[in-house]
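Structure record follows, encoded as structure tokens.
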Amino acid sequence: MVAHSHAADGPFTTRQLLRLDHALRVANDETGLTFSVYLGEFETPAREFAEKLHKQVENSDHGVLVAVSPNQRKLEIVTGNEARKRISDRDAKLAGLSMAAAFAGGDLAGGIVAGLDQLATHAGRS
Numbered sequence: 254m255v256a257h258s259h260a261a262d263g264p265f266t267t268r269q270l271l272r273l274d275h276a277l278r279v280a281n282d283e284t285g286l287t288f289s290v291y292l293g294e295f296e297t298p299a300r301e302f303a304e305k306l307h308k309q310v311e312n313s314d315h316g317v318l319v320a321v322s323p324n325q326r327k328l329e330i331v332t333g334n335e336a337r338k339r340i341s342d343r344d345a346k347l348a349g350l351s352m353a354a355a356f357a358g359g360d361l362a363g364g365i366v367a368g369l370d371q372l373a374t375h376a377g378r379s
């Protein structure tokens, strides 16, 4: 049996959601950090909004939040104090650039998955 998604409730198919879930689980397991993704509208200023969301993540010191607002064409990556020791601002910017390139090509899910993979690779194993 093949699962079909109407995608009316969100921008992703069931298969894309499974890929995202898998990418999050792998990133968390391999690094010991807590990766999370927010997809939706940002309040302004965008950076402050993303930082507020990040503080809500359990164990936010070890948290990495990838926040994406496709409609506003915004992307923020927020790292907690401990996560920042393992993922530099430069690493986060590089991951953000590769995500933005995928988004521009119309691949929202693929861009997020690739970004999570890059961030986890930079963080290294726990």
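My numbering puts the first residue of the sequence shown at 254, with every later residue one more than the last.
Backbone N, C-alpha and C define an ideal beta-carbon position, used for all residues, glycine too.
Practice item. Apply the 10 Å Cβ neighbour rule to Gln371 and answer buried if 16 or more other Cβ atoms are within range, or exposed otherwise. Key: buried
Check your understanding: Going by C-alpha distance, which of Ser341, Lys327 and Lys346 is nearest Ala303?
Key -> Lys327
Practice item. Output the boundary residues of the alpha helix (DSSP H) element that contains Phe288. Key: Here Phe288 belongs to no alpha helix (DSSP H); instead the beta strand (DSSP E) covers Thr287 to Leu292.
Practice item. Could you give the DSSP three-state label for Thr374: helix, strand or coil? Key: helix
Exercise for review: Figure out for me which residue from Ala345, Lys338, Glu294 and Glu283 has the closest Cα to the Cα of Gln325.
Suggested key: Glu294
Exercise for review: Mark Ala373 as exposed unless 16 or more other C-beta atoms lie within 10 angstroms of its C-beta, in which case mark it buried.
Suggested key: buried
Exercise for review: Pick helix, strand or coil for Gly364, following the three-state DSSP scheme.
Suggested key: helix
Check your understanding: Alpha carbon to alpha carbon, what distance is there between Val290 and Val321?
Key -> 8 Å
Exercise for review: Report the three-state DSSP secondary structure of Ser351 (helix, strand or coil).
Suggested key: helix
Check your understanding: Secondary structure at Asn334, three-state DSSP: helix, strand or coil?
Key -> helix
Point to revise | Met310 - containing alpha helix (DSSP H), residue span | key: Met is not the amino acid found at residue 310; the sequence shown has Val there. That residue, Val310, is in no alpha helix (DSSP H); it is neither H nor E in DSSP.
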